[in-house]
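Numbering (the UniProt record's numbering), first residue to last: 1 to 238. Glycine included, C-beta positions come from ideal geometry on N, C-alpha and C. The model shown is predicted, which means the values in this text are computed figures rather than measured ones.
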């Protein structure tokens, strides 16, 4: 990690370069001792940006900023990054993994869906969750189409799943293809139904006009409840 981190800084003389590398290594070690992995990149941005994830600090800086200034700025944020990272890690540990809105045993469910014991043993929990979500949603696609396409009065040529965190669903009106986020499987099934209805209605109205929302309302009178449920529970949006 340190070598790739260092390679993104300005090149200078070999002695100065060696000094900078040593300082970066020392700084990264200080963060590591506080449980935070440090990632730094210089690119075309206007200001230095600090983004904390659970166990990580990601820093992006303008290419014109000197290494000395950047290293000093990162060092000043050690305590802040450690505290923020720890808070995120605690929050993550407290969150339950859900399937259709209910806690579930990830590995047992993956086995029930047919994953082999060998693959199960060599797959991380995070990857298993996404795999289970895909399997669970795939089982529901035919049911969704059969139930809701006659109600809305439009049919999708294709329904596909995608790892999306900024949208619950997407409709390609030209190809009549609907994409659903795999993360919908974490929420009650009615949320998936609502998103599917929402995207189907875009085949009538390729916008969010009053006529569009009337279409959604006519097909699913309680859509607002599930719309708000997703809005409260996730970061994605429609």
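Contact between the region 179–189 and the region 147–162 (3+ Cβ pairs under 8 Å) | The region 179–189, when compared against the region 147–162, does touch it at the 8 Å Cβ threshold.
Under the DSSP definition of a beta bridge, which residues are partnered with residue 62?
-> Per DSSP, 43.
For the 8 Å Cβ check, are there 3 or more pairs between the region 20–33 and the region 63–83?
-> Segments in contact, yes.
Considering residue 112, what are the terminal residues of the alpha helix (DSSP H) in which it resides?
-> For residue 112, the enclosing alpha helix (DSSP H) covers residues 106–112.
Which residue or residues does DSSP assign as beta-bridge partners of residue 162?
-> For residue 162, which the question treats as bridged, DSSP gives the partners 181.
Please confirm if the region 68–82 is in contact with the region 43–50, defined as three or more CB-CB distances below 8 Å between the two stretches.
-> They touch, by the three-pair rule.
Return yes when the Cβ of residue 229 is within less than 8 Å of the Cβ of residue 201, no when it is not.
-> No, Cβ-Cβ distance for residue 201 and residue 229 is not below 8 Å.
Just grab the DSSP bridge partners of residue 172 for me.
-> When beta bridges are read from the DSSP output, residue 172 appears opposite 177.
Whose C-beta lies closer than 8 Å to the C-beta of residue 164 among residues of the same chain, with five residues either side of it excluded?
-> Non-local beta-carbon contacts of residue 164 in its own chain, meaning distances under 8 Å to residues more than five positions away in sequence, involve 170, 179, 181, 182, 183, 236 in chain order.
Assumed close pair residue 85, residue 57 - CB separation to whole angstroms, cut-off 8 Å | The beta-carbon separation of residue 85 and residue 57, rounded to 7 Å, stays under the 8 Å limit for a contact.
Apart from the five residues on each side of it in sequence, which residues of its chain come closer than 6 Å, Cβ to Cβ, to residue 218?
-> Correct list: empty, nothing qualifies.
Cβ of residue 100 within 8 Å of Cβ of residue 223?
-> Their beta carbons are not under 8 Å apart, which means residue 100 does not touch residue 223 by this criterion.
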